[in-house]
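One structure below.
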Amino acid sequence: MAANNDFSTYGRSPVVAPIHAVAVTPDNTNTFTNVSLSIYVGTTGNAEIVTQGGETTVFRNIPAGTIIPIQAVRVNISNTTASNMVMMY
1 MAANNDFSTY GRSPVVAPIH AVAVTPDNTN TFTNVSLSIY VGTTGNAEIV TQGGETTVFR
61 NIPAGTIIPI QAVRVNISNT TASNMVMMY
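The opening residue of the sequence shown carries number 1 in this note's numbering; numbering runs sequentially from there.
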């Protein structure tokens, strides 16, 4: 199932602030219900992220407390060592 993108009409503006936040459970198949605007990483590590555009990439050595501004549909458990992540949309 495709994730809802409530912000698709906003374009690529960095000033759109999220209004929701939910804990991320990395999974290789289940997508988020909504497309993220950003992902907070609470504990240092790597995160394999699937973007709204369909690309899969590994963000490496993410410091604790980092917010990644990305429209994502999933965080895969493969190659993900970071934890305490929160998806904001």
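Idealized CB from N, CA, C, for every residue including glycine. Here the structure is a predicted model, which means the values were calculated and not measured.
Could you tell me whether the Cβ atoms of N4 and V50 are closer together than 9 Å?
As a position in the sequence shown, residue 4 is number 4, starting the count at 1. As a position in the sequence shown, residue 50 is number 50, starting the count at 1. Against a cut-off of 9 Å, the Cβ pair of V50 and N4 comes out as no contact.
I'd like to know whether the C-beta atoms of G42 and V86 end up nearer to each other than 9 Å.
To locate residue 42, count along the sequence shown from 1; it is residue 42. To locate residue 86, count along the sequence shown from 1; it is residue 86. Cβ atoms of G42 and V86: closer than 9 Å.
Distance check for N79 and G65, CA to CA, integer angstroms please.
Position 65 of the sequence shown, counted from the first residue, corresponds to residue 65. Position 79 of the sequence shown, counted from the first residue, corresponds to residue 79. The alpha-carbon atoms of G65 and N79 are separated by roughly 19 Å.
If you draw a straight line from the alpha carbon of Y40 to that of T81, how long is it in whole angstroms?
Residue 40 sits at position 40 when you count from the first residue of the sequence shown. Residue 81 sits at position 81 when you count from the first residue of the sequence shown. A direct Cα-to-Cα measurement between Y40 and T81 gives close to 14 Å.
Helix, strand or coil: which one does DSSP assign to F59?
By 1-based counting over the sequence shown, the position of residue 59 is 59. F59: strand per DSSP, three-state reduction.
Going by C-alpha distance, which of T25, E55, G45 and N84 is nearest I70?
Residue numbering aside, residue 70 sits at position 70 when the sequence shown is read from its first letter. Comparing C-alpha distances from I70 to each of T25, E55, G45 and N84 shows the shortest one belongs to E55.
Given a threshold of 16 other Cβ atoms within 10 Å of its Cβ, counted over all protein chains shown, does P26 qualify as buried or as exposed?
Locating residue 26 in the sequence shown gives position 26, where the first residue counts as 1. Buried, because 16 or more other Cβ atoms sit within 10 Å of the Cβ of P26.
To which residues does DSSP link S83 through a beta bridge?
As a working mapping, residue 83 is identified with position 83 in the sequence shown. Its beta-bridge partners are T43.
Close-in-space but distant-in-sequence residues of the same chain around F59 (CB under 7 Å, 5 per side omitted)
Taking the first residue of the sequence shown as position 1, residue 59 is located at position 59. Answer for F59: N46, A47, I49 and I68, listed in chain order.
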